[in-house]
Amino acid sequence: IPSVSSIVPESCLLIVVGLLVGGLIKGVGEKPPILKSDIFFLFLLPPIILDAGYFLPLRQFTENLGTILIFAVVGTLWNAFFLGGLMYAVCQLGGPGLNHIGLLANLLFGSIISAVDPVAVLAVFEEIHINELLHILVFGESLLNDAVTVVLYHLFEEFATFEQVTILDIILGFLSFFVVSLGGVLVGVIYGIITAFTSRFTSHIRVIEPLFVFLYSYMAYLSAELFHLSGIMALIACGVVMRPYVEANISRKSHTTIKYFLKMWSSVSETLIFIFLGVSTVAGHHYWNWTFVISTLLFCLIARVLGVLVLTWFINKFRIVKLTPKDQFIIAYGGLRGAIAFSLGYLLDYKHFGMRDMFLTAIITVIFFTVFVQGMTIRPLVDLLAVKKKQETKHSINEEIHTQFLDHLLTGIEDICGHYGHHHWKDKLNRFDEKYVKKCLIAGERSKEHPLLSFFNKMERKQAIELLESGGIGKIPSAVSTVSIQNIHPKTLPVERILPALSKDKEEEIRKILRTNLQKTRLRLRSYNRHTLVADPYEEAWNQMLLRRAKARQLEQKMNNYLTVPAHRLDSPTMSRARIGSDPLAYEPKADSENLPIITIDPASPQSPESVDLMNEAPKGCSGLPPSPEEDEEGLVMRVKEPSSPGTDDVFTPGTSDSPSNQRMLRCLSDPGPRPEPEEEEGEPFIPKGQ
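All you need for my numbering is the position in the sequence shown, starting with 1, plus 2.
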């Protein structure tokens, strides 16, 4: 029924099936089976965790490892102690039915119910196709908080048997967290290396290659659980470490077997876990206490929201890609609880924890609320908030090249800055892996193969298989089909020729011939420096040409200014001169007009405009000298020209007190325009020819 499965997550439907099956078994008078903790932890949980660890998106996981660890460690500790402390206060105020529950029991209950469950998160988040960042943050937190949950669970379980808890016990409990988490990782890494080393020698027995992967992974989980270390972290470390080396050694068919068997095995385990949750709900003994159950549910939600908000505020100070309020809401809302909490509660001993049934009832209520209510509403909320979803894109060789290029670029930038960041250590690890580890764990020529080349071969093989399966082999271009068929059926490598050994004298003679006759290609290039760059002669000539062109334009503009009289304002001295020339008697300054300029006229011929000489017509300040106080009071003054001595030119011979700017203004303003032909012979032209 697609309409139902699109609204209700698969995990909810499986729990409903379990409830129906349990009710049916109970209805016919039989006792329904209960999900025992040994069955859950030994047989149902490992396949899901191995599938998650083996196919973990390592790049996103390592880039966000700091954020994931803060959410997994600090967030889980906050939830456990906040919830345990508040539940202890509720038990003290809740009446006679809850007074006997002590602080340690409440802290133990808080540590069980506080951890986000990886099975529930996987079941819900894979259906809504959330973006990679949010998926890896929530899922990574659910994987790594196992160490905190295991430590707190065993710690409070041990403390419950003590008569008195000392400071030393608390310090040892704190140190045990590092032992449990790092010990689990170490066990996983050791078994991962053993798996990779074993797969190096299985080329003649391809059938049992997948068996080694499953066997060693399961041994890593059991070895960690044997010493009370984190089995989940051991499985994740084992899967992450062995995958690149195992895939390089095993055949393509073995790789397909591992992939599909892991997916099938984890899917079966997940189905059984949720069905058994439903059956156990019907079959188990329950003790319902409204105060305890409702308080647990409420405080779980409050602790989760507060923890995410405070931790994200702190994390965003150091992240380049900040977590938005929408992301924070999805992280807080995606904190689902599941079967791990139920199994840990089921493991409690009646002797020390007489309230186990009430704890189990509260745990099942929280699981049902998070899986049903939050799991069913998270998809509509993601659509409503328009949260970015996962984009299904094919991984191309172009993308891989650019990704590796950017990694190298950022590593170089970190080295130049002297900052040993994420890319620096990643590059060191890759170099160590290429130089030493691959030679020991990968067989044959593949240990020397470049990652880009191996990725290209993998993509070509995949493309060829897809084309073969679709029946489109006849339509393949010749280049693609050749490469693809070569990858499917690789050619045997040619036997290397044994080169004849040369004597020392012969080798030295060949080197001397090459040294003298071949071009010296390794010339040292000078480093770039903007102060020592050699000037380009063409560039200098181009600049000179531009300068000459600009000077020519400037000169042409000046010539135009000399030959044409610009239009002046109505009260300009030029207009005043024209008025005086036409009617000098009508333009006499009145006694009361102080602001008007005083104009002095040459009395020789008052009717002629050429007789007016504007000695001081230039504006104040144009000559480059500051104006005197007398000039400031008088304004523009036109004085009578002194008679010139015989033999001098009236227009072109300047006086002793005239500046070049005054000369330019005089020439401009005293030029009446074109003169008649006879007068041009008497004097020199205004502008000589050829200028």
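Here a beta-carbon is modelled for each residue, glycine too, at the ideal position from N, C-alpha and C. Just so you know, these numbers come straight off a predicted model, no measurement behind them.
- [ ] Just mark Pro48 as buried or exposed, buried being the case when its beta carbon has 16 or more other beta carbons within 10 Å.
- [x] buried
Task: Beta-ladder partner(s) of Ile132, from DSSP - done: Lys391
TODO: Compare the beta carbon distance of Ile444 and Ala250 with 8 angstroms and say whether it is the shorter of the two.
DONE: yes
Task: Best match in Gly423, Ser113, Met461 for proximity to Ile399 [C-alpha to C-alpha] - done: Met461
Open item on the list: Comparing C-alpha positions only, which one of Thr363, Gly20, Val6, Asn563 sits nearest to Thr273?
Closed with: Gly20
- [ ] Please classify Ala74: is it buried, with 16 or more other beta-carbons within 10 angstroms of its beta-carbon, or exposed?
- [x] Classification of Ala74: buried, given that the 10 Å Cβ count is 16 or more.
Task: Beta carbon of Ile715 nearer than 8 angstroms to that of Leu279 - done: No statement about residue 715 is possible, as the shown extent of the chain runs from 3 to 693 and does not include it.
Open item on the list: Nearest by alpha-carbon distance to Arg339: which of Ser456, Glu165, Thr78, Leu52 is it?
Closed with: It is Thr78 whose Cα lies nearest to the Cα of Arg339.
TODO: With DSSP collapsed to three states, give me the class of Ser5.
DONE: helix
Task: CA-to-CA distance, Tyr218 to Pro212, given in whole angstroms - done: 10 angstroms
Open item on the list: By alpha-carbon positions, which one of Tyr348, Ile365, Ile195, Leu454 ends up nearest to Lys440?
Closed with: Looking at the Cα atoms, Ile195 is the closest of the given residues.
Open item on the list: Could you tell me the alpha carbon to alpha carbon distance between Leu58 and Val242, rounded to whole angstroms?
Closed with: Rounded to the nearest angstrom, the two C-alpha atoms are 7 angstroms apart.
- [ ] Leaving aside the five residues before and after Ile17 along the sequence, list all residues of the same chain whose C-beta is less than 6 angstroms from its C-beta, in chain order.
- [x] Phe276, Leu279, Gly280
TODO: For Trp80, collect the residues of the same chain with a Cβ closer than 6 angstroms to its Cβ; drop the 5 residues on either side in sequence, then sort them by chain order.
DONE: Excluding positions up to five away in sequence, the list reads Gly309.
TODO: Kindly give me the distance between the Cβ atoms of Gly337 and Val118, rounded to whole angstroms, as I take these residues to be in contact under 8 angstroms.
DONE: Contact holds; Cβ gap of about 5 angstroms.
Open item on the list: When you compare the region 83-90 with the region 262-269, are there three or more beta-carbon pairs, one atom per stretch, that lie closer than 8 angstroms?
Closed with: Contact fails: fewer than three Cβ-Cβ distances are below 8 angstroms.
Open item on the list: So, for Val191: in the same chain, excluding its five sequence neighbours on each side, which residues have a beta-carbon less than 6 angstroms away from its beta-carbon?
Closed with: Ala239, Val243
- [ ] Could you work out which residue in Thr413, Leu100, Gly423, Phe301 is closest to Phe320 when comparing CA atoms only?
- [x] Gly423
TODO: Could you tell me how far apart the beta carbons of Ile138 and Asn66 are, in whole angstroms, since I believe they sit closer than 8 angstroms?
DONE: 6 angstroms
Open item on the list: Threshold first: 3 residues or longer. Then list the beta strand (DSSP E) segments lying entirely within the region 341-367, N to C.
Closed with: Listed in chain order, nothing qualifies, since the region 341-367 has no complete beta strand (DSSP E) run of 3 or more residues.
Open item on the list: Report the CB separation of Ile149 from Ser232 in whole angstroms; it is logged as a contact under 8 angstroms.
Closed with: In the sequence on display, residue 149 carries Ala and not Ile. Yes, Ala149 and Ser232 are in contact; Cβ-Cβ is about 4 angstroms, under 8 angstroms.
Open item on the list: Out of Tyr438, Gln406, Val181, which one is the CA nearest neighbour of Leu454?
Closed with: Ranking Tyr438, Gln406, Val181 by Cα distance to Leu454 puts Gln406 first.
TODO: Compare the Cα-Cα distances from Tyr335 to each of Glu12, Val373, Ala341 and report the closest residue.
DONE: Val373
- [ ] Evaluate contact between the region 40-56 and the region 156-165, counting only Cβ atoms and requiring at least three cross-stretch pairs below 8 angstroms.
- [x] no
Task: Option in Leu299, Glu402, Ile70 with minimal Cα separation from Ala364 - done: Leu299
TODO: Return helix, strand or coil for Trp290, following the three-state DSSP convention.
DONE: The DSSP-derived three-state label of Trp290 is coil.
Task: Assigned exposure category for Ser486 - 16 Cβ within 10 Å defines buried - done: Here Ser486 scores only 44 on pLDDT, less than 50, and its place in the model is too uncertain to base an answer on.
- [ ] Determine, using beta carbons only, whether Phe457 and Glu402 come nearer to each other than 8 angstroms.
- [x] yes
Task: Contacts around Ile234, its chain only, beta-carbon distance under 6 angstroms, and the 5 residues preceding and following it disregarded - done: Same-chain partners within the cutoff: Ile51, Asp148.
Open item on the list: Helix, strand or coil, according to DSSP, for Val123 in the structure here?
Closed with: helix
Task: Alpha-carbon spacing of Ala285 relative to Met357, whole angstroms - done: 18 angstroms
Task: Limits of the alpha helix (DSSP H) - the one that Pro453 falls within - done: 453-472
- [ ] Return helix, strand or coil for Ile317, following the three-state DSSP convention.
- [x] Ile317 falls in the helix class under three-state DSSP.
- [ ] Please report the Cβ distance between Val121 and Val140, rounded to the nearest whole angstrom; I am assuming they are in contact, meaning their Cβ atoms lie under 8 angstroms.
- [x] About 13 angstroms separates the CB atoms of Val121 and Val140; that is not less than 8 angstroms, and the two are not in contact.
Open item on the list: What would DSSP say about Lys265, mapped onto helix, strand or coil?
Closed with: Here Lys265 sits in helix by DSSP.
Open item on the list: Counting C-beta neighbours from all protein chains within 10 Å, is the total for Ile512 16 or more, i.e. buried, or is it exposed?
Closed with: exposed
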